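Quick note on the working numbering: the sequence shown kicks off at 6 and runs consecutively. Where a beta carbon is used, it is the ideal one built from N, C-alpha and C, also for glycine. In this text the structure is predicted, and so the values were computed from the model without any measurement. Here is the structure we will look at, set down as structure tokens.
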Amino acid sequence: MTEPGPRAATTARGPFHVLAKPTGPICNLDCEYCFFLAKEALYPGDRFRMSDALLDTYLRQLFEAHDGATEVTVAWQGGEPTLMGVGFFRRVVERVEQYRRPGQQVHHTIQTNATLLTDAWCELLAEHDFLVGVSVDGPPELHDRYRHDKRGGPTSAHVLRGLRLLQRHEVEHNILCTVHAANQGRPLEVYRYFRDELGARFVQFIPIVERLDRDGGGAPGAGEGAAGVTDRTVEPEAWGRFLSTVFDEWVRRDVGTVFVTQFEAALAAWAGLPASLCVFAETCGRAVAVGHNGDVYSCDHFVDPEHLLGNLATEHLARLVESPRQVAFGQAKRDTLPRFCRECPVRFACQGECPKNRFVATPEGDPGLNHLCAGYRSYFAHVDGPMRLLVDLLRQGRHADEVMGVLAGARRNDPCPCGSGRKAKACHQRPLPDTDLPSGAACDAC
Ligand code: SF4
Ligand code: SF4
6 MTEPGPRAAT TARGPFHVLA KPTGPICNLD CEYCFFLAKE ALYPGDRFRM SDALLDTYLR
66 QLFEAHDGAT EVTVAWQGGE PTLMGVGFFR RVVERVEQYR RPGQQVHHTI QTNATLLTDA
126 WCELLAEHDF LVGVSVDGPP ELHDRYRHDK RGGPTSAHVL RGLRLLQRHE VEHNILCTVH
186 AANQGRPLEV YRYFRDELGA RFVQFIPIVE RLDRDGGGAP GAGEGAAGVT DRTVEPEAWG
246 RFLSTVFDEW VRRDVGTVFV TQFEAALAAW AGLPASLCVF AETCGRAVAV GHNGDVYSCD
306 HFVDPEHLLG NLATEHLARL VESPRQVAFG QAKRDTLPRF CRECPVRFAC QGECPKNRFV
366 ATPEGDPGLN HLCAGYRSYF AHVDGPMRLL VDLLRQGRHA DEVMGVLAGA RRNDPCPCGS
426 GRKAKACHQR PLPDTDLPSG AACDAC
């Protein structure tokens with residue numbers, strides 16, 4: 006057997022992810038908390054449209070960088086990527102076919118507000134098996150609180166029209182729900198709406214954390230909340246309660262039918278598998294952002310001059326991803342963890358979450374603790390018992406959804422199988438609540 010030769014300088018050392026933004030920060034909506042709208046100031050006077058020449062350069066480099074990889078994801082985000090028009094994405098698919106290596110599996114993804122989708126769009130998305138992420142923040146009353154059009158009007162009706170169109174064309178999609186001050190107290194209402202009204206099978210919750218100093222207060226209208234964050238920002242404890250409440254419903258009736266990204270990530274952590282979300286990984290730096298003009302940034306959350314790695318016109322994508330600067334960026338996630346995190350019992354699952362949210366002091370006064378820490382501590386502690394049960398089942402070669410039967414099957418006065426020490430009837434056999442508890446109230450199981 007011969008030793009493999011040196012890899013070409015245009016091939017990355019391992020898989021990585023790119024979020025490409027063909028319209029830069031430009032969007033047809035004006036969501037109050039969108040951190041990307043303010044990025045327009047980085048490129049004054051720009052048209053914010055990826056040219057066909059750059060599209061060609063980008064995709065060629067992406068596939069060169071993944072030479073030898075069995076799978077490649079081609080991901081589009083914004084701003085609003087559908088503003089490029091369906092013709093641009095037809096060219097995307099053509100170029101991908103031109104550059105993909107024989108036998109390589111390609112995953113197309115696009116994240117959209119869904120308001121501009123048409124039959125023509127959905128035909129393309131269905132034909133090429135795109136996974137479409139649609140931003141919805143809950144029932145219309147909650148969704149429309151911060152997600153406005155350019156005139157300040159509501160957007161939920163337009164989003165739902167687009168979502169129904171995707172469903173009619175059987176396009177695979179997931180729901181991306183930001184959690185913020187307006188919906189943080191309504192986890193059951195939000196989750197049940199997705200599951201029962203929208204028929205969602207894949208849901209990801211994303212906490213809104215807007216710093217007044219770093220984000221400039223976000224878009225106009227941001228008032229000042231606690232700890233230097235806007236008043237739209239999710240409260241740490243509320244974030245933990247939100248996840249724990251949804252988890253309690255999910256683990257008792259939806260395992261195997263609804264997939265919640267945070268719960269899948271937690272299960273990976275309890276099973277000792279690699280993190281499925283960068284925010285819960287020990288190190289990061291393998292997910293760069295490519296702008297409309299080919300500028301490459303360390304991460305979608307660090308699109309600023311300090312984290313500009315270079316431009317695809319002059320430097321190859323693989324070299325930028327493997328550059329010492331980018332490696333240092335990714336390792337800093339681990340190396341800058343305060344002692345409070347290093348000694349935390351749920352560090353293995355949390356890993357201090359995303360560095361962008363690490364701007365508060367620990368109880369000892371060390372800098373660099375995550376704003377959401379209190380929520381993560383309570384959420385990960387809350388799911389510990391059921392996660393152990395799930396892992397046990399999987400290690401026995403059984404299916405994850407059997408956990409629902411195990412929890413329901415105990416005698417009511419016996420200890421709950423989750424290991425909490427409480428009787429089953431007072432733990433995972435308590436009737437599920439009909440509605441959310443009043444805002445700020447903690448359920449006694451949390
Ligand atoms: S900075 Fe945050 S969002 Fe970006 S790659 Fe690291 S963990 Fe992920
Ligand atoms: S829960 Fe808090 S202390 Fe523990 S790792 Fe996460 S951010 Fe750090």
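Q: Tell me the start and end of each unbroken alpha helix (DSSP H) in the region 144-203 that is at least 4 residues and wholly inside, in chain order.
A: 145-151, 161-173, 192-197
Q | CB of valine 77 within 8 angstroms of CB of glutamine 116, strictly | A | Position 72 of the sequence shown, counted from the start, is the residue given in the question as residue 77. Position 111 of the sequence shown, counted from the start, is the residue given in the question as residue 116. No, they are not a contact pair.
Q | Straight-line gap, glycine 226 to lysine 155 (C-alpha atoms, nearest Å) | A | As a working mapping, residue 226 is identified with position 221 in the sequence shown. As a working mapping, residue 155 is identified with position 150 in the sequence shown. In this prediction, glycine 226 has a pLDDT of 42, which is less than 50 and means its spatial position is unreliable; what the coordinates show is noted afterwards. Going from the Cα of glycine 226 to the Cα of lysine 155 covers about 14 angstroms.
Q: Can you tell me which of Arg403, Arg291, Val301, Asn362 puts its alpha carbon nearest to the alpha carbon of valine 239?
A: As a working note, residue 239 is residue 234 in the sequence shown. Comparing Cα positions, the closest option is Asn362.
Q | Reference phenylalanine 461, options Arg393, Val141, Glu146, closest by Cα | A | No answer is possible for residue 461: the residues shown for the chain start at 6 and end at 451.
Q: Look at the Cβ atom of leucine 322, then the Cβ atom of glutamine 66, and state whether they are nearer than 8 angstroms.
A: To locate residue 322, count along the sequence shown from 1; it is residue 317. To locate residue 66, count along the sequence shown from 1; it is residue 61. It is a contact, given that the beta carbons lie within the stated cut-off.
Q) Do you know how far the Cα of arginine 166 is from the Cα of aspartate 35? A) As a first step, residue 35 must be located in the sequence shown, where it is residue number 30. As a first step, residue 166 must be located in the sequence shown, where it is residue number 161. Approximately 18 angstroms, taken between the alpha carbons.
Q: Please report how far the alpha carbon of glycine 223 lies from the alpha carbon of alanine 46, in whole angstroms.
A: Translated into the one-based positions of the sequence shown, residue 223 becomes position 218. Translated into the one-based positions of the sequence shown, residue 46 becomes position 41. Reliability of the predicted coordinates at glycine 223 is poor, the pLDDT of 41 falling under 50, and no value is obtained from them.
Q) Would the C-beta of proline 360 count as close to ligand 1, meaning under 7 angstroms from any of its heavy atoms? A) Start at 1 with the first residue of the sequence shown, and residue 360 comes out as number 355. The answer is yes for proline 360.
Q) Closest by CA to alanine 80, which one among Glu102, Val332, Lys26, Trp255? A) Taking the sequence shown and counting its residues from 1, the one referred to as residue 80 is at position 75. Per the Cα distances, Lys26.
Q.
Are there any heavy atoms of ligand 1 lying less than 7 angstroms away from the beta-carbon of lysine 338, as far as the coordinates show?
A. Within the sequence shown, numbered from 1, the residue matching residue 338 stands at position 333. Yes, the beta carbon of lysine 338 sits closer than 7 angstroms to at least one heavy atom of ligand 1.
Q. Roughly how many angstroms lie between the CA atoms of threonine 341 and glutamate 128, to the nearest whole one?
A. Translated into positions along the sequence shown, residue 341 becomes position 336. Translated into positions along the sequence shown, residue 128 becomes position 123. Going from the Cα of threonine 341 to the Cα of glutamate 128 covers about 46 angstroms.
Q.
Could you check whether the Cβ of cysteine 283 sits closer than 7 angstroms to any heavy atom belonging to ligand 1?
A. Counting from one through the sequence shown, the residue named residue 283 turns up at place 278. The answer is yes for cysteine 283.
Q) By how many angstroms is the C-alpha of threonine 120 removed from the C-alpha of serine 56? A) Reading the sequence shown from its first residue, position 51 is the one you call residue 56. Reading the sequence shown from its first residue, position 115 is the one you call residue 120. Going by the C-alpha atoms only, they are around 23 angstroms apart.
Q | Residue closest to valine 301, alpha-carbon to alpha-carbon, out of Leu59, Gly190, Asp51 | A | Here residue 301 is taken as the residue at index 296 of the sequence shown, counted from 1. Of the listed residues, the one whose Cα sits closest to valine 301 is Leu59.
Q) In chain order, what residues of the same chain have a beta carbon less than 6 angstroms from the beta carbon of phenylalanine 334, not counting five sequence neighbours either side? A) Position 329 of the sequence shown, counted from the first residue, corresponds to residue 334. Only residues of its own chain outside the window of five on either side were considered, and among them Gly290, Ser303 have a CB closer than 6 angstroms to the CB of phenylalanine 334, listed in chain order.
**Q.** Proximity winner among Leu130, Phe53, His306, Phe345, relative to glutamate 382 (alpha-carbon distances)
**A.** Along the sequence shown, one-based indexing puts residue 382 at 377. The amino acid occupying residue 382 in the given sequence is arginine; glutamate does not appear at that position. For arginine 382, the nearest C-alpha among the options comes from Phe345.
Q) In three-state terms, what does DSSP make of phenylalanine 135? A) As a first step, residue 135 must be located in the sequence shown, where it is residue number 130. In the structure shown, phenylalanine 135 sits in coil (DSSP, three-state: anything other than H, G, I, E or B).
**Q.** In chain order, each alpha helix (DSSP H) run of at least 4 residues that lies wholly inside the region 328-375
**A.** The region 328-375 contains these whole alpha helix (DSSP H) runs: 329-340, 344-347, 352-355.
Q: Kindly indicate which three-state DSSP category aspartate 419 falls into: helix, strand or coil?
A: Your numbering for residue 419 matches position 414 in the sequence shown. Coil, per DSSP.
(Q) Suppose you measure from the CA of alanine 205 to the CA of leucine 181; what does that come to, to the nearest Å? (A) Numbered from its first residue, the sequence shown carries residue 205 at position 200. Numbered from its first residue, the sequence shown carries residue 181 at position 176. Their Cα atoms are separated by approximately 11 angstroms.
Q: Have a look at the DSSP bridge pairing and note the partners of glutamine 110.
A: Your numbering for residue 110 matches position 105 in the sequence shown. BP columns for glutamine 110 point to Glu76.
(Q) Please state the DSSP three-state secondary structure of arginine 216. (A) Residue mapping note: residue 216 aligns to position 211 of the sequence shown, counting from 1. If DSSP states are grouped into helix, strand and coil, arginine 216 belongs with the strands.
Q) What distance in whole Å lies between the Cβ atoms of valine 256 and valine 265, which are believed to be in contact at a cut-off of 8 angstroms? A) Within the sequence shown, residue 265 is the residue found at index 260, counting from 1. Within the sequence shown, residue 256 is the residue found at index 251, counting from 1. Not a contact, Cβ separation roughly 10 angstroms.
**Q.** Segment limits, alpha helix (DSSP H) that includes leucine 67
**A.** Walking along the sequence shown from the start, residue 67 turns up at place 62. Element bounds for leucine 67: 57-70.
Q: Compute the minimum distance between the beta carbon of cysteine 289 and the heavy atoms of ligand 1, and state whether it is under 7 angstroms.
A: On the sequence shown, position 284 is the one that residue 289 refers to. Yes, the beta carbon of cysteine 289 sits closer than 7 angstroms to at least one heavy atom of ligand 1.
**Q.** Contacting residues, own chain, Cβ-Cβ under 7 angstroms from leucine 217 (five flanking each side not counted)
**A.** For the purposes of this step, residue 217 is identified with residue 212 of the sequence shown, where counting begins at 1. Taken in chain order, the residues that qualify are Glu229, Gly233, Val234, Thr235.
(Q) Relative to the C-alpha of leucine 412, which candidate in Arg100, His174, Gly83, Ala429 has its C-alpha closest? (A) Within the sequence shown, the letter at position 407 stands for residue 412. Ranking the options by Cα distance to leucine 412, first place goes to Ala429.
(Q) Can you find the residues in the same chain that come closer than 7 angstroms, C-beta to C-beta, to leucine 399, ignoring five residues on each side of it along the sequence? (A) Locating residue 399 in the sequence shown gives position 394, where the first residue counts as 1. Excluding sequence neighbours, leucine 399 sits near Ala276, Ala405.
Q: Tell me whether aspartate 35 sits in a helix, a strand or coil according to DSSP, three-state version.
A: Stepping through the sequence shown from its first residue, residue 35 is reached at position 30. Coil, per DSSP.
Q) Mind checking leucine 130: buried by the 16 CB within 10 Å criterion, or exposed? A) To locate residue 130, count along the sequence shown from 1; it is residue 125. Answer is buried; the Cβ neighbour count reaches 16.
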